[in-house]
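A.B. asks: If you read the sequence shown in the numbering used here, its first letter stands for residue 1, the second for the next number, and so on. We put the CB at the ideal spot given by N, CA and C, even for glycine. As the structure is a computational prediction, the values presented were derived from the model and not from experiment.
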Amino acid sequence: MARRPLPRILSSGSASITRGREIARTAADNATDVLHPLITVTRGLRLLAGAGRQKWAATPRERRGHVLFLVAACVLTVALIPYGPLLALISVMGAAAWRGRERTPVRTGPDEAETARLRALYEALVPHFSAPDDPGPLFSHGGDWEKVFGTSYAFDGNGRLTRLQVTYPAYFTDGDPESRARVEQVLHAKSGRGREYHFAWDEESNQLLMTVLAALPTSIAAQRFVTAPGETVLGFTDADAVQRTVPVQDGDTGRDASPVIWRTGSRSTEPHLLIAGHPGSGSTTLMRSLALQALRDGDVLVVEGGGTGEYGFLAGRDGVLAVECGLAGALATLEWAAHETERRLIAANRARQAGHPEPEDIKRPLWLLLDRPSVLGHLAAADGRQDPQELLQVPLRHGRAAGVTVVVADQFDSLDSLTEAVRTHTRARVVLGPATREEVEAVLGTEPHTTPTADVPPGRGYTRLGTGPVLRLQVPATPDPYDPATSEAHRQAVLDLLPGAAPAVRERSEPRATEASPVHTDKLVATPAVAEG
Ligand SMILES: Nc1ncnc2c1ncn2[C@@H]1O[C@H](COP(=O)(O)OP(=O)(O)OP(=O)(O)O)[C@@H](O)[C@H]1O
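1) Take Trp367 and list the residues in its own chain whose beta-carbon comes closer than 6 Å to its own, dropping the five residues that flank it on each side.
2) By Cβ distance, which residues of its chain are closer than 7 Å to Leu444, with the 5 residues on each side in sequence left out?
3) Under three-state DSSP, which class holds Arg225?
4) Using the three-state DSSP reduction, which class does Ile81 fall into: helix, strand or coil?
5) Quick one: does Glu439 have its CB under 8 Å from some CB of chain C?
6) Please state whether the Cβ-Cβ distance between Ala241 and Ser268 is less than 8 Å.
7) Looking at C-alpha atoms only, which residue of Gly150, Thr253 and Gly157 is the closest neighbour of Gln207?
8) Are the stretch 452-459 and the stretch 250-266 in contact at 8 Å, needing three or more beta carbon pairs?
9) Does the Cβ of Ser281 lie closer than 7 Å to at least one heavy atom of ligand 1?
10) Do Thr245 and ligand 1 come close, with the Cβ less than 7 Å from some heavy atom?
11) Could you give the uninterrupted runs of the beta strand (DSSP E) lying entirely in the stretch 343-377, keeping only those of 3 residues or more?
12) From the DSSP output, read off the bridge partner residues of Arg472.
13) Our contact map puts Phe225 next to Met210 with C-beta atoms below 8 Å; I'd like the distance itself, whole angstroms only.
14) So what does Asp250 bridge to, in DSSP terms?
15) Is there at least one non-hydrogen atom of ligand 1 closer than 7 Å to the beta-carbon of Glu62?
16) By Cβ distance, which residues of its chain are closer than 7 Å to Ala401, with the 5 residues on each side in sequence left out?
17) Assess, as a yes-or-no matter, whether the stretch 126-140 is touched by the stretch 78-97 under the definition of 3 or more beta carbon pairs within less than 8 Å.
18) For the beta strand (DSSP E) containing Ala200, name the first residue and the last one.
19) From the DSSP output, in three-state form, read off Tyr311 for me.
20) For Pro60, which three-state DSSP category applies?
21) Grab me the residues of Arg427's own chain with a C-beta within less than 8 Å of its C-beta, minus the 5 sequence neighbours each way, in chain order.
22) Just to check, is the beta-carbon of Val475 closer than 7 Å to a non-hydrogen atom of ligand 1?
23) Taking C-beta to C-beta, are Gly277 and Gly50 nearer than 8 Å?
24) DSSP has Leu432 in a bridge; who is on the other side?
25) When you compare each of Leu48, Ala58 and Glu441 to Phe412 by their alpha carbons, which one comes out closest?
26) Quick one: what does DSSP say Val456 is sitting in, helix, strand or coil?
27) Is Glu542 helix, strand or coil by DSSP?
28) Below 8 Å on the Cβ atoms is my guess for Val183 versus Leu118; work out the distance and round it to an integer in Å.
29) Per DSSP, what kind of secondary structure is Val394 in: helix, strand or coil?
30) Would you check if there are 3 or more beta carbon pairs closer than 8 Å linking the stretch 308-321 to the stretch 378-394?
31) Let's see if you can read the secondary structure: which residues bound the beta strand (DSSP E) around Arg163?
32) CB-CB under 6 Å to Gly20, same chain, minus the five flanking residues each way: which ones, in chain order?
33) Roughly how far, in whole angstroms, is the beta-carbon of Ala409 from the beta-carbon of Ile261, given that I think they are within contact range, below 8 Å?
34) Which of the three DSSP states is assigned to Thr211 in this structure?
35) As a quick exercise: from Asp416, Lys363, Glu390 and Gly230, pick the residue whose alpha carbon is nearest that of Thr333.
36) Between which two residues does the beta strand (DSSP E) holding Ala409 run?
This is the structure in structure tokens:
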């Protein structure tokens, strides 16, 4: 059948409409081209005005008068100088044009390589998030990854995932640590090893959020931290992990950092601390940091099993009762500490019964710092003598009420030789240096909340106070000031925190002792505690 031509009026009308549209579009394009600079400047002026309004709103009321005065002075100066208004107009237009220029459009959606990564990740998760009898599986081979990842993912400049949110089926056993660990393992491996990942399981909405954590800064060194009596800074952690911040000197600048605060004394629920790590992980450094903080208002007694003399700089200082490296000295010192704990307990008890305040001589906190006591335990066993750890029973058991704090540091391979009392009463825990998930769990009592990395700087690790959450930790750099490898800035920082020399040492010309010296024993014997004990 022959095609009937359209009525003339219709065909010619549509042609003219089309032509009209084209003319209008061309005119609009030309107008946009001509007016483009004007549009840019207008947009820039709008943005500048918005920024000005915001700045004005952010200016405190009492400073607004000053700002107005400054602006008026500027306007007057510009008005008075030759060509001032013209130059000001040109500058404002220039600034507006710069501000209003079109930016490169923000890229949305993943590129090809990123899509391939997300798809690979999805495929790897299929065995974990699917069940054969699921009629509408969220995860299936060749399935839709966008349904489970949505748009909640981010990549870094190298195309590696830094954030990923996964929606998983409700039947996945997200309460089972092993099932979780398997999924975390897959995500960790497929997203790139060597970085620290944090996994947040939202069991209510069946969502898992994986984020890559930036390394904690290592630039905070020993200094006087702003803490209340009975509070000790173990190190610094992620900003969102703790509520509190303290001002710190970080290199040359001051800033607020998020500390891990450990409370000791009668109100503490974790009055004693255990530090574990492999050799060189920084446990001695943490001990030094604790000793310097404790010496602010307490007495310190150090027993060093390693015998490397790394606490020698403390010897003879005010408040340092002893620095013992040998077995005999350690036994004598710890025996004194046990008696002292008993004496404090009895004195506190008597005062309470008589309705008196606590006597002054039991108020000063006493810290027992034992670095590698397992070594001394071996020596004692070989010598047929008492293990020094056995003398810790009383301070561990009653230290909380008597103001005695025990800190024990040992290496992973020696943790077995820690006594039951040490393991039971050290409820504050720190793991430093590279450690496997199992090693971290063995010390903290729960798996780490992030994936431990193999390559960590000394002083980096995890901490857990009692049954609290596991926190990442970076210990402030507190090197031995007498170590030739210590930088001048760090040496000075540590020396600045050291209390003055005790009178007995001041009389002598030598400033330091590296071994258990008679000075310390004298000091112990001279204390009223021993006299009574
Ligand atoms: N928090 C830290 N910041 C900077 N450097 C640190 C930190 N902790 C430790 N170091 C450095 O790492 C090295 C080993 O530290 P440290 O002696 O404290 O470890 P350790 O676990 O006691 O090892 P070892 O048992 O072998 O003595 C030292 O050179 C020390 O200065």
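C.D. replies: Looking at the atomic coordinates:
1) Only Ala294, Gly298, Val300 and Thr405 meet the Cβ criterion.
2) Non-local C-beta neighbours of Leu444 in its own chain, meaning closer than 7 Å and more than five positions away in sequence, comprise Arg429, Val431, Tyr462, Arg464 and Val470, ordered along the chain.
3) Correcting the residue identity first, residue 225 is Phe in this sequence and not Arg. Assignment of Phe225 by DSSP, reduced to helix, strand and coil, places it in the coil class.
4) Looking at Ile81 - three-state DSSP - the assignment turns out to be coil, as it is neither helix nor strand.
5) Chain labels in this structure do not include chain C; a single protein chain is all it has.
6) In this structure, Ser268 does not lie closer than 8 Å to Ala241 by Cβ.
7) Of all alpha-carbon atoms in Gly150, Thr253 and Gly157, the one lying nearest the alpha-carbon of Gln207 is that of Gly150.
8) Taking 8 Å as the limit for Cβ pairs, the verdict is that the stretch 250-266 does not touch the stretch 452-459.
9) Yes, ligand 1 has a heavy atom inside 7 Å of this Cβ.
10) Not under cutoff, so the answer is no.
11) Runs found: 366-371.
12) Answer is Tyr462.
13) So it is not a contact: roughly 33 Å between Cβ atoms.
14) Paired residues: Ile220 and Thr253.
15) For ligand 1, not one heavy atom lies less than 7 Å from the Cβ of Glu62.
16) Hits under 7 Å: Ser266, Leu345 and Ala348.
17) These segments do not touch.
18) Element bounds for Ala200: Glu196 to Asp202.
19) If DSSP states are grouped into helix, strand and coil, Tyr311 belongs with coil.
20) The answer is coil: DSSP assigns Pro60 none of H, G, I, E or B.
21) Excluding residues within five positions, the ones whose Cβ falls inside 8 Å are Thr269, Glu270, Pro271, His272, Leu465 and Gly466.
22) Yes, ligand 1 has a heavy atom inside 7 Å of this Cβ.
23) No; because the gap between Cβ atoms is not below 8 Å, this pair is not in contact.
24) Partner(s): Gly277 and Gly461.
25) Answer by Cα proximity: Glu441.
26) Three-state result, Val456: coil.
27) An answer regarding residue 542 cannot be provided, because it is not within the stretch 1 to 533 covered by the chain.
28) Incorrect: roughly 16 Å between the Cβ atoms, too far for contact.
29) DSSP places Val394 in helix when its eight states are reduced to three.
30) By the Cβ criterion, the stretch 308-321 is not in contact with the stretch 378-394, since fewer than three pairs of Cβ atoms, one from each stretch, lie closer than 8 Å.
31) Per DSSP, Arg163 belongs to the beta strand (DSSP E) from Leu161 to Thr167.
32) Answer for Gly20: no residue qualifies.
33) At roughly 19 Å, the Cβ-Cβ gap does not stay under 8 Å, so Ala409 and Ile261 are not in contact.
34) Thr211: strand per DSSP, three-state reduction.
35) For Thr333, the closest alpha carbon among the candidates Asp416, Lys363, Glu390 and Gly230 is that of Glu390.
36) Start and end: Val404 to Gln411.
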